[in-house]
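Q: Just dropping this structure here.
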Amino acid sequence: MSQLPRTIKTSRQTLEAIDLNHAEDLDRAVEVSRSNLERWLAWIEDYSSANERAFIARASEGWDRGEEWVFALVVDGEAVGTIGLDMYNKVLNRAEIGYWVRADLAGRGLVTEAASAVVHWAFANLGLHRIELHAGTENVASVRVAQKLGFRREGLLRDGSKGSFGYYDVYVFGLLENDPRASLY
Ligand SMILES: CC(C)(COP(=O)(O)OP(=O)(O)OC[C@H]1O[C@@H](n2cnc3c(N)ncnc32)[C@H](O)[C@@H]1OP(=O)(O)O)[C@@H](O)C(=O)NCCC(=O)NCCS
538 MSQLPRTIKT
548 SRQTLEAIDL
558 NHAEDLDRAV
568 EVSRSNLERW
578 LAWIEDYSSA
588 NERAFIARAS
598 EGWDRGEEWV
608 FALVVDGEAV
618 GTIGLDMYNK
628 VLNRAEIGYW
638 VRADLAGRGL
648 VTEAASAVVH
658 WAFANLGLHR
668 IELHAGTENV
678 ASVRVAQKLG
688 FRREGLLRDG
698 SKGSFGYYDV
708 YVFGLLENDP
718 RASLY
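Sequential numbering from 538 applies to the sequence shown in this note's numbering.
Below, the structure written as structure tokens:
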């Protein structure tokens, strides 16, 4: 996987393999988005600039090791969120996609666009057979992202994820390499 493209261009953003150059922007993005993120993402509780930088360092190593692939969403030169594939299983050729975007930019189709591009990139470059997406049953926006991309709803995990207010149920969505999928980037 050494020749992996580390940048993806979409119509309105650039997805860049995350590195420490994105840290300051992402700090600001998290600070102004806490109330949007905390219900769904448990890491917000322990968020600090130091933890953010440690996460970015691990994610960078993940790229180098071929184990996880996190991109920064860059709009007008500024990092405004992340989207990535983790939980990679090399034997079964599957991984899980996750994302967030700065609150003032939500609802403009940016994550649908980014996720569509990343899904295409992942099937083309990582040899994946299956991408999984877990979305809170009440996380309307995330469920819509999955549906718009062509993911199929396959099941429900009770308390399958955790945010600042506790565990919550998630729908499991799956997309296989040969499933029909939308190109929305
Ligand atoms: C979920 C999230 C990533 C979606 O990103 P986004 O860029 O706002 O999504 P999009 O603008 O591409 O919208 C996708 C769909 O959700 C809908 N949507 C967006 N925000 C919504 C909201 N607050 N309520 C209801 N629907 C919403 C959009 O209308 C769109 O559907 P449509 O095309 O049928 O109109 C973003 O809202 C976010 O960062 N949320 C907090 C973190 C999070 O929940 N991450 C996912 C964990 S599984």
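Glycine included, each C-beta is placed from N, C-alpha and C at the ideal position.
Given that a residue counts as buried once 16 or more other Cβ atoms are within 10 Å of its Cβ, and exposed if not, what is residue 540?
A: exposed
Q: Run the proximity test for residue 578: is its beta-carbon closer than 7 angstroms to any non-hydrogen atom belonging to ligand 1?
A: yes
Q: For residue 571, report the span of its alpha helix (DSSP H) as first-last.
A: Looking at the DSSP string, the run of the alpha helix (DSSP H) that includes residue 571 is 571–574.
Q: Using only the alpha-carbon positions, how far apart do residue 691 and residue 683 sit?
A: One Cα belongs to residue 691, the other to residue 683, and the distance between them is close to 12 angstroms.
Q: Since I believe residue 671 is in contact with residue 709 (beta carbons under 8 angstroms), could you give me their beta-carbon distance rounded to a whole number of angstroms?
A: 6 angstroms
Q: Which of the three DSSP states, helix, strand or coil, is assigned to residue 615?
A: Strand.
Q: Per DSSP, which one or two residues make a beta bridge with residue 671?
A: 709
Q: I'd like the ranges of any alpha helix (DSSP H) spanning at least 4 consecutive residues and lying wholly in the segment 583–617.
A: 586–602
Q: Since residue 665 and residue 714 should fall inside the 8 angstroms C-beta cutoff, what is the C-beta to C-beta distance between them, to a whole number of angstroms?
A: 7 angstroms
Q: If you drop the 5 nearest sequence neighbours on each side, which residues of the same chain put their C-beta closer than 6 angstroms to that of residue 655?
A: The answer, listed in chain order, is 620.
Q: If the criterion is Cβ atoms closer than 8 angstroms, does the pair residue 560 and residue 617 meet it?
A: no
Q: Can you have a look at residue 693 and say buried or exposed, based on whether 16 or more other CB atoms are within 10 angstroms of its CB?
A: exposed
Q: When you compare the CB positions of residue 608 and residue 553, do they come within less than 8 angstroms of one another, or not?
A: yes
Q: Tell me the rounded alpha-carbon separation between residue 583 and residue 688.
A: 31 angstroms
Q: Going residue by residue through the segment 627–710, where are the continuous beta strand (DSSP E) segments of at least 3 residues, counting only ones entirely within it?
A: 631–638, 667–673 and 689–700
Q: In the DSSP assignment, find the unbroken beta strand (DSSP E) run with residue 554 in it and report its ends.
A: 551–554
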